Amino acid sequence: MSNHEKQHQVLFVDDDPDFLQLVAELFGSLSQGTWQIHRAASADAALDLLKDHRVDLVVVDINMAVLDGVQFLKILSRRYPDLKKVTLTGFATEAKRTECLAHGAELFIEKPRVADGFKSIFVMLDELLNWAPKAGFQGMLRQVGLSDVIQMECLGRNSSVLEISNRQMRGRIYIEDGSILHAVVGEVTGEKAFQKILCMTGGAFQLAPFEKPSQRTIEGPWEFLLMEAARVRDEAGTPAAAENCGAETEAAAAEAAVAATPAVRLAETLICTGRGEPLHAWQCANPDARIALFKDVAQQAERLSQILPLGKFDRLELQLTDGRAIVQTRTDRRVFVRVNHDLAVA
Amino acid sequence: MNEALKQWLAAHAAAPGLLACGIRASEVLCACHSASEKCPADKMESILHQLAEAQPWLFNNRFAPNWSTWAFEQGQIRIVNRRDGLLLGLVAAVDTAAQSLDQLSEEFLALPLGG
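Below is the structure:
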């Protein structure tokens, strides 16, 4: 293997030539030859370079003129989804951080003002370059919701074990051919464990190859499980409480909310694409009426947004005499779920 | 509008997490309170009128909800339907516990207003 093939290929994109010169010299020296550093003064130049060179990591300044770093990040994520991306900025804001992480940046770093800062950045970038996923994939829940991962696995009829952990707890969800079979967190199993795991608002997950669980504790359709988990999470309290769901007191609150959940029976489900094409229907006597309902709800939400801007609309929840219905109209999917309370259970 | 109803609304206007609340008795009769400049009383009134219009298509879908909650990224709007036609509207912060809104809703539904 040639020296070039062994070296990490790192591309810095910044419209400040002095900064590019500085990082090339400094990181070149700190890497002791393990990095080959490429430089581009604009997004265009970087895209040209990426056409002809293998690059392992791109470090982008987000405050570039013409095509700014965030737009460039979006293009990179579309064209090179596997490429590791890091953003650098002289003016860090929480909004920019969220935007960059949402568009595929692995790290969001503020430009250092002292030499020691550059050393720390070098260590972080080098760690990132040496990190490789094991079997399955790994990620941080800051970029993708846990329910989205579960949904992807179930819609794709995949088999896997989703391992989730944060500082307080570690849990596992077993999925076989798109059905959720079992969930466990500590000594809790089944739907309660599933709901407890879904209370987590941050942490790391790993999608491991499927292995048969010791028992099957979950039977219901995944759509219903996700909807119920969302409801229980809402009822467990504030995001702060949900964040610390594993802590003893908050976990007790979440468990109390789970325990207080009346026995429910799934009555109807319809899942459609964002454009309203049905993907999955169960006990849905009139899908056309439900599809029209999605449209009415989306239009009504739009009118409400014009009166009071409250951000993106997520769902309409209907509290019925004999149960509940949820109408979710997101851009990528539309979901209708109706459950009936089991009146036989006190 | 019934005086007891107005008093009940005023007493609950500062409930935790509530940005605004209002009651719609008819097309012209509304009583609204705002607890946050994010949702002034006139917006609350517009929301009540807007959501009153949504009731027929919910009924057309064979839904007669006791209440419905419109969940947005940065807040939620709850509309509670009494059988006598009165509507209660609540605009709450996104992290307001559903239980406290449910409690207010139940209370509104059970209010003895007489004739």
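Chains as they are written, first to last, in the working numbering: chain A, 103 to 448; chain B, 1057 to 1171.
Don't be surprised by glycine CBs; every beta carbon is placed ideally from N, CA and C.
The structure presented is a predicted model; accordingly, all values stated were derived computationally and were not measured.
Environment of residue i [buried if 16+ CB atoms lie within 10 Å]
{"i": "T375/A", "result": "exposed"}
{"i": "F193/A", "result": "exposed"}
{"i": "V1147/B", "result": "buried"}
{"i": "T431/A", "result": "buried"}
{"i": "G1145/B", "result": "buried"}
{"i": "L1169/B", "result": "exposed"}
{"i": "M242/A", "result": "Any answer about M242/A is weak, because its pLDDT of 44 lies below 50 and its placement is not dependable; what the coordinates show is given next. Per the 10 Å Cβ criterion, exposed."}
{"i": "S1124/B", "result": "buried"}
{"i": "R1118/B", "result": "exposed"}
{"i": "G273/A", "result": "buried"}
{"i": "S1090/B", "result": "buried"}
{"i": "N1137/B", "result": "buried"}
{"i": "Q134/A", "result": "exposed"}
{"i": "I223/A", "result": "buried"}
{"i": "A1067/B", "result": "exposed"}
{"i": "L328/A", "result": "buried"}
{"i": "M251/A", "result": "Before going further, note that residue 251/A is Val rather than Met in the sequence given. Counting Cβ neighbours within 10 Å, V251/A comes out buried, since at least 16 surround it."}
{"i": "P1112/B", "result": "exposed"}
{"i": "M166/A", "result": "buried"}
Where the beta strand (DSSP E) through residue i begins and ends
{"i": "G130/A", "result": "Segment P119 to L132 is the alpha helix (DSSP H) holding G130/A; no beta strand (DSSP E) there."}
{"i": "H110/A", "result": "H110 to V115"}
{"i": "R45/A", "result": "Only positions 103 to 448 of chain A appear in this structure, which leaves residue 45/A out of reach."}
{"i": "G1131/B", "result": "G1131 to N1137"}
{"i": "W1123/B", "result": "W1123 to F1128"}
{"i": "H1089/B", "result": "C1086 to S1090"}
{"i": "L1167/B", "result": "Premise fails: L1167/B is in no beta strand (DSSP E) and is neither H nor E."}
{"i": "D163/A", "result": "L159 to D163"}
Residue i, DSSP secondary structure in three states
{"i": "S189/A", "result": "In the sequence under discussion, the amino acid at residue 189/A is Thr, which differs from the Ser named in the question. Three-state result, T189/A: strand."}
{"i": "C1077/B", "result": "strand"}
{"i": "T1152/B", "result": "coil"}
{"i": "S144/A", "result": "coil"}
{"i": "T433/A", "result": "coil"}
{"i": "A394/A", "result": "helix"}
{"i": "A344/A", "result": "Residue confidence is low: A344/A scores 46 on pLDDT, short of 50, so the model does not pin down where it sits. No coordinate-derived value is stated."}
{"i": "R440/A", "result": "strand"}
{"i": "G171/A", "result": "helix"}
{"i": "W1064/B", "result": "helix"}
{"i": "N388/A", "result": "coil"}
{"i": "S267/A", "result": "strand"}
{"i": "R215/A", "result": "coil"}
{"i": "D184/A", "result": "coil"}
{"i": "E196/A", "result": "helix"}
{"i": "S281/A", "result": "strand"}
{"i": "A96/A", "result": "No information on residue 96/A is available, as it lies outside the stretch 103 to 448 that chain A covers here."}
{"i": "A427/A", "result": "strand"}
{"i": "S1161/B", "result": "helix"}
{"i": "A1070/B", "result": "coil"}
{"i": "I223/A", "result": "helix"}
{"i": "A400/A", "result": "helix"}
{"i": "I320/A", "result": "coil"}
{"i": "S261/A", "result": "coil"}
{"i": "A332/A", "result": "helix"}
{"i": "F1119/B", "result": "coil"}
{"i": "L406/A", "result": "helix"}
{"i": "E1083/B", "result": "coil"}
Close beta carbons around residue i, own chain, < 6 Å, minus the five adjacent residues each side
{"i": "T433/A", "result": "G376"}
{"i": "Y276/A", "result": "V263, L283, H284 and P315"}
{"i": "N442/A", "result": "R367, A369, D424 and G425"}
{"i": "A446/A", "result": "At A446/A the pLDDT is 35, less than 50, meaning the model places this residue with poor confidence and gives no usable figure here."}
{"i": "D398/A", "result": "none"}
{"i": "A145/A", "result": "L169 and F174"}
{"i": "I393/A", "result": "G378"}
{"i": "C256/A", "result": "G280 and W324"}
{"i": "V157/A", "result": "Q111 and L113"}
{"i": "A362/A", "result": "Unreliable placement is indicated for A362/A, whose pLDDT of 46 sits below 50; the coordinate value is still reported in the next sentence. Excluding positions up to five away in sequence, the list is empty."}
Residue i - containing alpha helix (DSSP H), residue span
{"i": "G292/A", "result": "G292 to L300"}
{"i": "F1115/B", "result": "A1097 to N1116"}
{"i": "I275/A", "result": "Run containing I275/A: none in the alpha helix (DSSP H); it sits in the beta strand (DSSP E), R272 to E278."}
{"i": "I252/A", "result": "L248 to L257"}
Neighbourhood of residue i by C-beta distance below 8 Å, restricted to the same chain and skipping five residues each side
{"i": "P235/A", "result": "Legend: pLDDT at P235/A = 49, less than 50; position of this residue unreliable, no value from coordinates given."}
{"i": "T1152/B", "result": "P1072, G1073, L1074 and Q1132"}
{"i": "P119/A", "result": "A143"}
{"i": "Q109/A", "result": "G135, T136, W137 and Q138"}
Same chain only: Cβ atoms within 7 Å of residue i, ignoring 5 sequence neighbours per side
{"i": "W1064/B", "result": "L1167"}
{"i": "A1087/B", "result": "M1057, K1062, L1065, G1078 and I1079"}
{"i": "E379/A", "result": "none"}
{"i": "A1108/B", "result": "R1080 and L1143"}
{"i": "D279/A", "result": "R259 and S261"}
{"i": "C202/A", "result": "I164, V172, L175, T189 and F210"}
{"i": "L418/A", "result": "V399 and V429"}
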